[in-house]
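Heads up: the structure comes next, in structure tokens.
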Amino acid sequence: MAKPKLKMRLGDLLVHEQMITEQQLEQALAEQRLTGRKLGATLIDLNLLQEDELLHFLAQQLNVPFLDLSQQRLDPKVAQLLPEVHARRSRALVLEANEQHALLGMSDPADLSILDQLAPMLAPRQIQIAVVRESQLMEAFNNLYRRTKEIESFATQLKEEYAETGEFDFNALNLDTESDTTIVKLLQSVFEDAIQVRASDIHIEPDEKLIRIRQRVDGVLQESTLNEVSIASALVLRLKLMANLDISEKRLPQDGRFQIQVKGHKIDVRLSTMPVQYGESVVMRLLDQTAGLLSLEQTGMPADFIRKLRQLIKSPHGMILVTGPTGSGKTTTLYGLLSELNQEGSKIITVEDPVEYRISRINQVQVNFKIGLGFSEVLRTTLRQDPDIIMVGEMRDQETAEMGLRGALTGHLVLSTLHTNDAVTSTLRLVDMGAAPYLVASSLRAILAQRLVRRICDNCKEPYQPDELEQNWLRHSKANPAAQYWHGKGCQSCHHTGFKGRVGVFELLILTKPLADALRRGDNEGFVSLAYRSEHFRSLGQMALDYAQQGVTTLDEVIRVSEYLDTEAGAMGKAHG
């Protein structure tokens with residue numbers, strides 16, 4: 005192995021090449037002695053050098069290439085020539101390999117001692133070096149070192165154990181999270197893999213000849229399969245035990261929850277089982293309690309919306325609704341509002357199904373329909389508990405809606421959600437549910453509707469020409485014909501999907517006096533017309549389309565997530581006409 009060599013120590017070389025001054029080097033060395041971090045990382049942390057500036061310099065000095073990993077097509081099998089524990093510890097990744105050579109991407113190629121440690125693991129291949137960004141390395145580790153093989157191995161082992169005994173050992177299916185039984189290791193690997201790719205849900209679905217394990221990442225399911233279908237019942241049993249469910253009941257759906265520690269994250273797992281053709285299907289919602297609650301700014305909500313919402317929640321009474329389909333981020337927004345309202349001088353009571361995040365000082369009530377403790381029953385008692393602010397998880401029926409509206413009318417600030425398409429129709433939905441129009445008009449202050457759309461991956465974004473179907477949709481929506489649109493061509497960073505992360509689109513309707521008067525009169529058409537012509541009102545469709553034109557999301561994503569926008573565009577045209 006021919007090692008690239010620096011002619012002098014990195015710090016001295018940077019000073020010699022006038023990249024930093026002597027004083028800056030002394031500052032970085034002093035900081036390094038305190039933190040123990042490497043000099044290059046310390047210089048970057050102190051903003052004395054930019055990461056790319058340092059890496060390009062190192063590549064030039066060592067006469068090795070500087071590679072952008074987002075543009076490389078990496079093979080998981082090649083990466084795994086180096087075990088994950090050594091790759092992460094050394095900040096090194098095998099990018100390419102054949103029988104003679106291995107190209108190793110390193111964030112600190114000046115640390116030649118690492119090469120001595122890794123060379124025996126990659127022998128007899130000769131190691132060649134490339135310089136890569138540390139942030140991209142860490143992301144590549146999560147993408148490439150998946151738990152797929154590990155999960156398959158544990159599944160096979162569990163199947164063999166079952167074949168030997170003819171039945172599963174129920175004593176092994178205990179609640180001891182430290183247990184080293186095969187089934188515990190298998191589930192731990194499943195959870196670790198999900199957390200690594202930022203999955204929000206895990207689906208375990210038995211089929212006739214295999215088990216499907218699907219993970220919802222950025223709103224879309226990614227699938228892997230296990231051939232060991234005979235272990236499906238053992239997985240379900242173990243999960244039921246963890247959630248304190250009845251393991252003898254297989255004919256009825258069950259719901260439960262439990263907490264686990266995964267890779268330093270405290271995860272709250274909401275579990276739902278359902279009998280299906282070949283056993284029981286399990287879906288688990290993963291809530292990362294370690295991450296904490298998001299602020300309104302962190303939700304991606306526009307600044308003017310945040311400003312208006314903050315003005316609205318200063319009111320001592322009235323109702324504010326957050327609407328949208330399941331998985332649109334309603335709960336995240338509500339908790340963001342509660343975090344701002346959570347002060348010593350205010351009593352807050354929430355009625356939820358289920359309680360997703362536990363917040364100190366807030367009295368959170370979990371409904372239990374089995375014992376007759378529904379939203380309306382809890383809300384009736386809540387109003388006797390001298391609250392200032394009430395959060396109702398969902399307006400599900402007439403009784404709950406009317407009690408919430410009356411609570412808002414009698415001096416309480418009420419926050420809640422509703423499953424509707426947009427802000428305008430949400431108001432009419434309350435009336436359709438049986439709430440008196442005068443009560444809605446008097447109590448409702450504002451409605452925030454929201455969706456989540458997938459964000460285009462920044463690493464592989466490129467201009468895009470809409471197809472004929474999309475052009476027809478744009479013409480129907482009266483969009484700017486000269487606008488530019490974008491999509492992601494797919495890269496290592498986004499698992500070749502073209503998308504990475506999600507962003508919220510919102511519409512905020514504030515009930516003004518003319519709108520309230522139209523409601524009282526029962527003039528639904530007049531209400532819709534006035535709403536769309538309200539000052540500063542921007543529909544979900546308009547904001548989503550703006551994001552597409554700004555290169556934040558794709559036109560296809562706007563149409564896919566907002567399938568009702570054709571109807572909305574027609575209503576808008578009628579209203580404006």
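Residue numbering for the sequence shown follows the working numbering, beginning at 5 and increasing consecutively.
All residues carry an ideal CB built from backbone N, CA and C; glycine is no exception.
DSSP beta-bridge partners for residue i?
i	result
Arg458	Arg506
Ile264	Ile271
Val224	Val221
Met142	According to DSSP, which records beta bridges pairwise, Met142 is partnered with nothing at all.
Asp259	Ser276
Gln130	His105
Val396	Val355, Ser420
Tyr658	Missing from the structure shown is residue 658; the chain here goes from 5 to 581 and no further.
Val326	Thr421, Leu452
Ile235	Paired residues: none, contrary to the question.
Glu100	Leu107
Val135	Phe70, Met110
His491	Glu466
Leu513	Ile451
If I'm right that residue i touches residue j with Cβ under 8 Å, what's the distance once you round it to whole angstroms?
i	j	result
Leu377	Leu409	Contact flag wrong, Cβ pair sits at about 21 Å.
Ile352	Ile366	5 Å
Gln132	Leu73	No, Gln132 and Leu73 are not in contact; Cβ-Cβ is about 16 Å, not under 8 Å.
Gln496	Leu78	5 Å
Ile317	Ile310	The pair is not a contact, with the Cβ atoms about 11 Å apart (cut-off 8 Å).
Arg218	Gln226	7 Å
Ile24	Leu17	That belief does not hold up - the Cβ atoms of Ile24 and Leu17 are roughly 10 Å apart, past 8 Å.
Val98	Leu119	Val98 to Leu119, Cβ: 13 Å. No contact.
Leu313	Arg455	Not confirmed; about 17 Å, so no contact.
Asp357	Glu474	About 39 Å; that fails the 8 Å criterion.
Report yes if the CB atom of residue i is closer than 8 Å to the CB atom of residue j, and no otherwise.
i	j	result
Ser111	Val136	yes
Thr303	Gly340	yes
Val418	Ile394	yes
Leu162	Ala134	no
Thr558	Trp490	yes
Thr337	Val326	yes
Gly322	Ala412	yes
Ile460	Val562	no
Ile206	Leu290	yes
Ala83	Leu14	no
Thr186	Phe158	yes
Phe510	Pro306	yes
Ser420	Ala453	no
Ser299	Ser343	yes
Asp211	Val194	no
Ala1	Leu43	Any property of residue 1 remains undetermined from this structure, which presents the chain solely from 5 to 581.
Glu196	Val266	yes
Leu249	Asn231	no
Leu239	Ile199	no
Gln28	Leu52	yes
Where do the N-terminal and C-terminal ends of the alpha helix (DSSP H) with residue i fall, by residue?
i	result
Tyr468	Counting along the chain, Tyr468 falls outside any alpha helix (DSSP H), though it belongs to the beta strand (DSSP E) covering 465–468.
Thr39	26–39
Val19	14–20
Val556	Looking at the DSSP string, Val556 is not in any alpha helix (DSSP H), and its letter there is neither H nor E.
Gln315	307–316
Pro320	Taken as a continuous stretch (DSSP letters only), Pro320 belongs to no alpha helix (DSSP H), as it is neither H nor E.
Phe195	186–200
Which residue marks the beginning of the beta strand (DSSP E) containing residue i, and which one marks its end?
i	result
Met288	283–292
Pro210	205–210
Gly340	No beta strand (DSSP E) holds Gly340; the alpha helix (DSSP H) holding it covers 334–345.
Asn367	367–370
- Taking contact to mean at least 3 C-beta pairs separated by less than 8 Å, is the region 510–524 in contact with the region 432–448? yes
- Task: Count the C-beta pairs between the region 256–263 and the region 272–291 that are closer than 8 Å, then say yes if the count reaches three, no if not.
- Result: yes
- Is the region 247–256 touching the region 279–289 in the sense that three or more CB pairs, one from each, lie closer than 8 Å? yes
- Query: How do the region 518–527 and the region 539–554 stand: do at least 3 beta-carbon pairs fall below 8 Å, yes or no?
  - Reply: no
- Flag this pair as touching only if the region 462–482 and the region 526–535 have three or more C-beta atom pairs under 8 Å; answer yes or no. no
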